[in-house]
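This report refers to the structure that appears directly beneath it.
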Amino acid sequence: MEKYFKRTSSLEVGSQNNSLTSSNKMRLLEFKIESLIADPGQRPKISSYHPNNRDKIRCAYLQKGPCQPRTHDFSQTACGSSFRRFNPNWFDDCGNWLEYSISKDAAFCLCYYLMKHETEGGDAFVTNGFSNWKKKERLQTHVGIHDSAHNQVWRKCEALMKSKQHISAAIEKQFLLRQGLAFRGNDETDDSVNQGNFLELLNFLAQHNEEIDRAFKNARGNVKLRAPSIQKDIVRAAASEMTKVIVNDLGDELFAVLIDEVRDISIKEQMSVCLRYVNKEG
0 MEKYFKRTSS
10 LEVGSQNNSL
20 TSSNKMRLLE
30 FKIESLIADP
40 GQRPKISSYH
50 PNNRDKIRCA
60 YLQKGPCQPR
70 THDFSQTACG
80 SSFRRFNPNW
90 FDDCGNWLEY
100 SISKDAAFCL
110 CYYLMKHETE
120 GGDAFVTNGF
130 SNWKKKERLQ
140 THVGIHDSAH
150 NQVWRKCEAL
160 MKSKQHISAA
170 IEKQFLLRQG
180 LAFRGNDETD
190 DSVNQGNFLE
200 LLNFLAQHNE
210 EIDRAFKNAR
220 GNVKLRAPSI
230 QKDIVRAAAS
240 EMTKVIVNDL
250 GDELFAVLID
260 EVRDISIKEQ
270 MSVCLRYVNK
280 EG
């Protein structure tokens with residue numbers, strides 16, 4: 000074999016492994032919540048971040064709120080025979096999404112930056128920013144009606160924040176699934192000694208988290224979303240929405256269907272269907 004391959008010393012291999020390890024560490028350290036850029040004109044695109052970090056970044060920006068330097072001395076721009084500049088009072092009219100970039104002297108939309116798909120149009124409030132200060136009505140035009148693109152991405156932002164408020168439930172389900180544990184118990188009444196893995200894990204988290212504990216104590220019984228029937232409804236609703244998303248994304252493109260069936264321990268046939276296709280992002 001030595002006449003076909005050059006022998007590599009152990010020192011070389013060790014140095015290569017060390018360099019790869021250090022580069023991987025550097026890649027992991029690139030993202031830090033506290034180092035996120037506030038100026039909308041200087042931010043990198045959301046798509047430039049690792050997919051596993053994007054929701055964390057979105058939540059961090061939503062928690063900070065839009066970049067609104069109200070005390071900044073806004074520069075004037077020639078508009079015909081007069082000079083105009085950004086009016087900080089516009090922050091009061093569009094407080095939950097309007098941002099101003101000092102570096103670009105332009106207005107941006109926070110929810111567009113966080114949720115807008117790159118293939119969609121309307122880059123005036125995302126890439127280059129809006130700076131036609133004599134046309135304030137463009138702000139309202141950007142917001143549009145109830146089902147406008149702006150309102151759709153804003154609802155996505157709200158849904159993301161709500162999902163993060165209830166992230167504990169998702170973590171519990173992932174934990175139970177990973178460990179192969181049953182969700183429900185034989186006796187889930189309040190007086191039960193053991194309510195089952197799912198409810199006991201919820202109770203454990205409530206004891207260690209004031210917000211979860213307060214929600215369980217103050218919420219009505221039918222809005223705690225803990226009952227087996229409600230959990231099944233949520234799963235069915237998620238499956239239905241996922242099917243709609245796949246069908247809309249698929250369109251008229253070619254696809255392949257893989258079907259497998261196996262009998263479980265209760266002698267019931269369980270069938271799984273896998274749909275394979277190339278989406279618009281390739």
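For the sequence shown, numbering that gives the first Met the number 0 gives the first residue as 0, with consecutive numbering after it. Ideal Cβ placement from N, Cα and C applies to all residues, glycine included.
Output the boundary residues of the beta strand (DSSP E) element that contains residue i.
i      : result
Val261 : 255–262
Thr76  : 76–78
Ala105 : 105–108
Could you spell out where the alpha helix (DSSP H) holding residue i opens and where it closes?
i      : result
Glu268 : That residue, Glu268, is in no alpha helix (DSSP H); its beta strand (DSSP E) goes 268–275.
Ala236 : 227–249
Ala205 : 196–207
Ala59  : 50–63
Arg137 : 136–142
Asp91  : 89–92
Measuring CB to CB, does residue i end up less than 8 Å from residue j?
i      : j      : result
Phe197 : Trp132 : no
Ile36  : Leu113 : no
Tyr276 : Glu252 : yes
Thr76  : Ser130 : yes
Leu201 : Cys58  : no
Lys134 : Val125 : no
Tyr111 : His145 : no
Leu61  : Cys156 : yes
Ser102 : Gln41  : yes
State the DSSP-derived secondary structure class of residue i, mapped to helix, strand or coil.
i      : result
Leu328 : Residue 328 lies beyond the range of the chain shown here (0 to 281); nothing can be said about it.
Arg83  : strand
Lys24  : With a pLDDT of only 39 at Lys24, under the threshold of 50, the placement of this residue in the model should not be trusted; the figure read from the coordinates follows. Correct three-state label for Lys24: helix.
Phe215 : helix
Phe73  : coil
Once the 5 residues before and after residue i are set aside, which same chain residues still bring their CB inside 6 Å of it?
i      : result
Leu109 : Pro65, Trp96, Glu98
Cys273 : Leu257
Pro39  : Cys66, Glu98, Ser100, Phe107
Met270 : Glu260
Cys78  : Lys133
Val142 : His149
Once the 5 residues before and after residue i are set aside, which same chain residues still bring their CB inside 7 Å of it?
i      : result
Ile266 : none
Arg262 : Glu268
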